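Be aware that the sequence shown starts at 11, since it is given in our numbering, and climbs by one per residue.
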Amino acid sequence: MTEDHHDTVVVKDGGSSMGMILGIIAILIVLAGLWYFLMGPGASSTSTPNDINVNVELPSVAPAPDAS
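Structure below.
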């Protein structure tokens with residue numbers, strides 16, 4: 011008696027590539043977070059206030075003399 015063993019190999023290529031899309035989105039979120047904390051508005055951790063004092067000298071206006 012002869013025994014025939016047949017192995018069936020199914021290769022599935024393609025698909026929705028949802029993993030790649032989620033990976034790219036995750037990388038973009040990580041890069042945005044790094045930018046925010048290293049170079050963006052979240053990077054300034056100084057405790058000194060950012061007050062800017064501007065001294066403007068206004069011209070003194072003498073009151074007009076009375077016409078009487």
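Cβ atoms here follow ideal geometry from the backbone N, Cα and C, with glycine treated the same way.
All of these numbers come straight from a predicted model, not from anything done at the bench.
Counting only the Cα atoms, residue 41 lies some 15 Å from residue 51.
Secondary structure of residue 62 (DSSP, three-state): coil. Judged by DSSP secondary structure, residue 36 falls within the alpha helix (DSSP H) whose first and last residues are 28 to 48.
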